[in-house]
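**Student:** The following block contains the structure, expressed as structure tokens.
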Amino acid sequence: MATNVYSAFLALLPSYPLQVATITAIDGEIARLALPGGGVLTARGVGAVGDQVFVRDGVIEGQAPAMPFVQVEI
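The sequence shown begins at -14 in the numbering used here and counts up one residue at a time.
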């Protein structure tokens, strides 16, 4: 039985990445989210404006822990 190693490797990877985003607006069950890198997307789910959430494939999966901002000077 021949197996394509590359196809087997791709099967191990998740199809959609889990991202952290901040809710900027909510309209019913649709939320507008801001990504840390400056991107904007919409997703289905619930939360409050200002909450940090986990989002994958257009669906809010849950609330993300608040990460403190730390600046280090070199």
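Here a beta-carbon is modelled for each residue, glycine too, at the ideal position from N, C-alpha and C.
For Q48, which residues of its own chain have a beta-carbon under 8 Å away from its beta-carbon, when the five flanking residues on both sides are left out?
**Tutor:** Excluding positions up to five away in sequence, the list reads G32, D36, Q37, V38 and F39.
**Student:** Tell me D42's beta-bridge partners as DSSP assigns them.
**Tutor:** DSSP lists no partner for D42.
**Student:** Could you give the DSSP three-state label for A(-7): helix, strand or coil?
**Tutor:** In this structure, A(-7) counts as helix in the three-state DSSP scheme.
**Student:** Taking L18 as part of the beta strand (DSSP E), name the residues at either end of that continuous run.
**Tutor:** Residues I15 to A19.
**Student:** How far does the beta strand (DSSP E) with L26 in it extend, from its first residue to its last?
**Tutor:** Here the beta strand (DSSP E) through L26 covers V25 to R29.
**Student:** Is V5 helix, strand or coil when you go by DSSP?
**Tutor:** It is a strand residue.
**Student:** Can you say whether A6 is buried or exposed, counting buried as having 16 or more other CB atoms within 10 angstroms of its CB?
**Tutor:** Buried.
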